[in-house]
Amino acid sequence: MKFTTWAAASALLFGSTVSASDPLTSAKLVADINQVELQRVLWALNKIARDNGGTRAFGTPGYKASVDYVLERAQTRFGKQMDTYVQSFNFTYDETREISVTGPEGEDVYVVSPQYNPSTPLPGGITASLLNTPVNDETGSMCEAAQWDGIDATGKLVLVKRGICPVADKLKFAKAKGALGVVLYNQTPGTDISTPTLSADNIGLLIPVGIIPLEVATAWIARLEAGEDLVVKLLVDAVSDTRETWNVISETKEGDPNNVIMLGAHLDSVQEGPGINDDGSGTAALLEIMGSVKKYKGFPHKIRFAWWAAEESGLVGSLYYTEHLSPAEADKIKFYFNYDMIASPFPKYEISSYENSGIGVSLLEDYIVAQGKEVEYAEFDGRSDYAGFVDLGIPTVGLFTGDGAPWDPCYHQACDDLDNINWEGFLINTKAAANALGILAHSLEGVPPRATTTPNLRGRSKLHHSFRRWAALAEHAQHEHMCSHGSKKAVV
Ligand SMILES: [Zn+2]
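Going by my numbering, the letters in the sequence shown line up with residues 369 to 860, in that order.
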């Protein structure tokens, strides 16, 4: 990494020649962002994961090391320009220590465990006959109560196709029909099976599940349809406990505390991988933008960066933060930008927004389109850390380059590493973020007031229930049994 080190050193030299009274502009922020520095950050995050068992997930040493990495900049190096604090809280940690599926001939089958998978009886696991269930690729297989009508799964392991609705929904129905466990098969062939979450709030409500490849299930289904009785075994050994974790919040000393522009990205990965695109990309973008911002003065609005904890466990860190804002503090946050996965290897450029996003969409859109990229649009769906801000009616916008195929085949897997990055898209998106920040740091034109009284923002009422529930979970870290629909990514 000699070249990288030298490039960094020269960047530092240039940085030191900039006068501290240099006024901040969008153009300067955009010009400061460069690919070498972004690469350095991702390289460091990848190394942190490698040194800590391949993950930077909530509750692991890799997450703690990620926090320390951000603090080394925000607090140690940029302490003159930035005020930084660490917001700590407890949440339910879960880990599958062992999972296995043994086929009818005693063969070991490739299997993936979702987060918050309950244990089978140990050490024996569950050995039972397999019961096939109907497939519906349009509305989802076994996603609705009616699809389970007339099915008696008592004492069985149920074979169900993955997709459309949260995995936890399928498990609840199967449990209600007397099943001992579920063998879920993936929708696409191969062993690239992303890890869903069953959500911590479902602890105690579900039966164990193992996710197997489509090909294995296809062969079993043919034999079941021919009238064979297939006896298989599912074993899940999972542990859960309460662990401390930390949001890192860092804001400029410069700027009016009553007018804050905020940027957020999640600092945790899933347990299965280093999380370099998801969300090392957002993490690195914020670090590099902060490194640029701290060189300048002369901007009227305060700039606040947030690196969220435990997003992959259910947006826990960001919801903990927004839940603990007083109405007066929420009013001071004039705009929130969410950057969660902005460097997918085959990127789309998707801007998500809601009714109160104001100028946010066009701020990002204008820059990206000017780079010759086509922009797509989406409504907020509650799958990332913008959720708590939308719930508070704070003007918010998000940028996202896609998860899963075809955008990011390594989504939530061990291969979400340095090879899983589209550097051109990453640079464009980071510069777009810098540009948008530079504009709002000076002017709130086009930014609506916080929507405190709008009763029916689309998506807002729907998400509201889960926000309250997650926030309560984050605060008390208890195993509450509450009704809900998962509000985080990859529940499906
Ligand atoms: Zn993410």
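For glycine and all other residues, C-beta sits at the position ideal for the given N, C-alpha and C.
Practice task
Check whether the Cβ of Glu640 lies closer than 7 Å to any heavy atom of ligand 1, and answer yes or no.
Solution key: In this structure, Glu640 has its CB at a distance of at least 7 Å from all heavy atoms of ligand 1.
Exercise for the section: Output the distance between the C-alpha atoms of Gly761 and Leu598, rounded to the nearest integer angstrom. Expected result: Spanning the alpha carbons of Gly761 and Leu598 requires a straight line of approximately 53 Å.
Practice task
Please confirm whether any heavy atom of ligand 1 lies closer than 7 Å to the CB of Ser649.
Solution key: No, since every heavy atom of ligand 1 falls outside the 7 Å radius drawn around the Cβ of Ser649.
Handout entry: DSSP three-state assignment for Gln407, whether helix, strand or coil
Key = The DSSP-derived three-state label of Gln407 is helix.
Exercise for the section: Please classify Met658: does DSSP put it in a helix, a strand, or coil? Expected result: The three-state secondary structure of Met658, taken from DSSP, is helix.
Exercise for the section: Have a look at Glu680, Gly659, Thr464 and flag the residue whose alpha-carbon is nearest the alpha-carbon of Ile671. Expected result: It is Gly659.
Exercise for the section: Check whether the Cβ of Glu679 sits closer than 7 Å to any heavy atom of ligand 1, and report yes or no. Expected result: Yes - ligand 1 has a heavy atom lying nearer than 7 Å to the Cβ of Glu679.
Exercise for the section: Quick one: using the 10 Å Cβ neighbour count with 16 as the cut-off for buried, is Thr464 buried or exposed? Expected result: Buried, since its Cβ has 16 or more Cβ neighbours within 10 Å.
Practice task
Determine the contact status of Gly578 and Val604, defining contact as a CB-CB distance below 8 Å.
Solution key: Gly578 places its beta carbon less than 8 Å from that of Val604.
Problem - Alpha carbon of Leu413 to alpha carbon of Ser434, nearest angstrom - result: Taking the Cα positions, Leu413 is about 7 Å away from Ser434.
Problem - Three-state class that DSSP yields for Ala678 in the structure shown - result: When DSSP states are grouped into helix, strand and coil, Ala678 belongs to the coil group.
Problem - Close Cβ partners of Asp753 (< 7 Å) along its chain, the five nearest in sequence each way excluded - result: Listed in chain order, the non-local C-beta contacts of Asp753 below 7 Å within the same chain comprise Gly632, His634, Trp676, Glu679, Leu683, Ser686, Asn706, Asp708, local neighbours out to five positions each way being set aside.
Exercise for the section: Return helix, strand or coil for Arg441, following the three-state DSSP convention. Expected result: In the structure shown, Arg441 sits in a helix (DSSP, three-state: H, G or I).
Practice task
Could you tell me if Thr586 is buried or exposed, where buried requires 16 or more neighbouring beta carbons within 10 angstroms of its beta carbon?
Solution key: By the neighbour-count rule (16 or more Cβ atoms within 10 Å), Thr586 is not buried but exposed.
Practice task
Would you give the residue range spanned by the alpha helix (DSSP H) that Pro867 belongs to?
Solution key: Past the boundaries of the shown model lies residue 867; the chain is included only from 369 to 860, so the question cannot be answered.
Problem - beta-carbon Ser720 near ligand 1 non-hydrogen atom, thresh 7 Å - result: For Ser720, the shortest C-beta to heavy atom distance toward ligand 1 is 7 Å or greater.
Exercise for the section: Assign Glu512 to one of three DSSP states: helix, strand, or coil. Expected result: For Glu512, the secondary structure class from DSSP, reduced to helix, strand or coil, is coil.
Exercise for the section: Give me the Cα-Cα distance between Thr559 and Val815, rounded to the nearest whole angstrom. Expected result: So the alpha carbons of these two residues sit roughly 46 Å apart.
Handout entry: Coil, strand or helix - Arg465 by DSSP
Key = In the three-state reduction of the DSSP assignment, Arg465 falls in the strand class.
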